[in-house]
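Residue numbers (our numbering), protein chains in the order written: chain A, 31 to 223; chain B, 31 to 223.
Built from N, CA and C at the ideal position, the CB exists for glycine as well.
Below: the structure, in structure tokens.
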């Protein structure tokens, strides 16, 4: 194993280009204790982490801490694309229901159809669960919209109430620099006082 | 070991903030084979790499491939702060001499004095070596200048020719956006045709 192979492995990580990989490699070579820690933490965590059989999130105990939390509202299910989306929603402290992680979004160009996502598990889960509402919290992107349309269509014949996140101008933004699509959405969904 | 501990270890790497660490952690969790490869390459390279006893660069064979390359010019010694500076100079293909890496620059505020750098090794190396010229290629920063002044002062009584890299306007830049200190240097060191 050469220093070049370390740089090349590091540069395959997301958001790490050749220069950052070199920087990381030199940092690791100069801080061997830190490097050994990084190496061992990666391999230990990778070996202990699996998927929650209910929501699909990464977890070390199955079901995960959220799915097994009896104080949470088990009538609302929030469907997200990615574990990080779940973390973002948890960060608000406003949502007290349960989650279902699709592990991606529909993207025909990259060959990701509904069968590659955890959509069958979603159907299974809502059909025999305690849920009365499904909040489809996909991203407001092309892939996210496709995923939203597909899942909302799948669930429309059930007795579940389907909801989605509001789209509009983000807090702290200025109208001047808001893109016209976002502004259009904000106008369409204007709130009467 | 929890996912949080993986994020916290990754966020201590240079240039990796909390968000990038989360992104890296999720990437590693989703790509376990890649994660195992990263972990094993780090630990293997760290264990096999040491310092070249001559130039001080990271190497797996001592002396390193540059120091042991008999086709290189052993009369010119290029002194740099960091292995990456050496890589940058090697990248030009113009320098055919040998290198000496100081492994840092003088920074009294951070407690890095000349004794923390490979300056004694430099003195030792030029005093009994074949060198006739020392190119002090420190960075044009406050620390680099301090290191330059200190080393050039140390070597001034030797019979060595001391040189340094030219400072001036970088290629591709425009005068309008060049800082005044750089412009001043370019004027001071103007070339007559």
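Residue-level contact check: residue 112 of chain B touches chain A, since one or more beta carbons of chain A fall below 9 Å from its beta carbon. Using a Cβ-Cβ cut-off of 9 Å, residue 72 of chain A counts as an interface residue toward chain B, since at least one Cβ of chain B sits closer than that to its own. The DSSP-derived three-state label of residue 129 of chain B is strand. If you look at residue 110 of chain B, you'll find it isn't in any alpha helix (DSSP H); it sits in the beta strand (DSSP E) that goes 106-110.
Chain B places a beta carbon closer than 9 Å to that of residue 117 of chain A, counting this residue as a contact. Listed by position along chain A, the residues whose Cβ is nearer than 8 Å to that of residue 56 of chain B are 88, 112, 113 and 114. Assignment of residue 41 of chain B by DSSP, reduced to helix, strand and coil, places it in the coil class. Excluding sequence positions up to five before and after residue 134 of chain B, its CB lies within less than 7 Å of the CB of 111, 142, 146 and 147, all in the same chain and listed in chain order. Boundaries of the alpha helix (DSSP H) around residue 119 of chain B: 113-122. Close CB contacts of residue 71 of chain B within its chain, under the 7 Å cut and outside five residues either way in sequence, are absent.
The Cβ atoms of residue 59 of chain A and residue 40 of chain A do not sit closer than 9 Å to each other.
Residue 87 of chain A counts as buried, since no fewer than 16 other beta carbons sit within 10 angstroms of its beta carbon.
With respect to chain A, the C-beta atom of residue 32 of chain B has a partner C-beta closer than 9 Å. Proximity of residue 151 of chain A to chain B, defined by a Cβ-Cβ separation below 9 Å, is not satisfied. The beta carbon of residue 196 of chain A lies closer than 7 Å to those of 219 in the same chain, with the five residues before and after it left out. With 16 or more other Cβ atoms inside 10 Å of its own Cβ, residue 52 of chain A counts as buried. When C-beta atoms of the stretch 123-139 of chain A are compared with those of the stretch 89-107 of chain A, three or more pairs fall below 8 Å, so the two segments count as touching. A contact is defined here as three or more CB-CB pairs under 8 Å, and the stretch 177-194 of chain A meets this definition with respect to the stretch 147-166 of chain A.
For residue 51 of chain B, none of the residues of chain A pass the 9 Å Cβ criterion, the least Cβ distance being about 10 Å. By DSSP's assignment, residue 80 of chain B forms a beta bridge with B/89.
Residue environment: residue 155 of chain A is assigned as buried (16 or more neighbouring CB atoms within 10 Å of its CB, all protein chains considered).
In the three-state reduction of the DSSP assignment, residue 165 of chain B falls in the strand class. In the three-state DSSP reduction, residue 193 of chain A falls in the strand class (E or B). If you ignore the 5 residues before and after residue 122 of chain A, its C-beta comes within less than 6 Å of no other C-beta in its own chain. The shortest CA-to-CA distance from residue 149 of chain B to any of B/172, B/178 and B/169 is the one to B/178. Beta-bridge annotation (DSSP): residue 142 of chain B is paired with B/137. In this structure, residue 68 of chain B lies near residue 69 of chain A, with their beta-carbon atoms less than 9 Å apart.
Annotation: the continuous alpha helix (DSSP H) that includes residue 154 of chain B extends over 149-157. Proximity to residue 136 of chain A across A/169, A/63 and A/117 peaks at A/169, based on C-alpha coordinates.
Residue nearest to residue 35 of chain A within the set A/56, A/99 and A/221 is A/56 (criterion: CA-CA distance). Under the Cβ distance rule, residue 142 of chain B does not count among the residues neighbouring chain A, no pair being separated by less than 9 Å. Around the beta carbon of residue 201 of chain A, a 10 Å sphere encloses fewer than 16 other beta carbons of the protein chains shown; the residue is thus reported as exposed.
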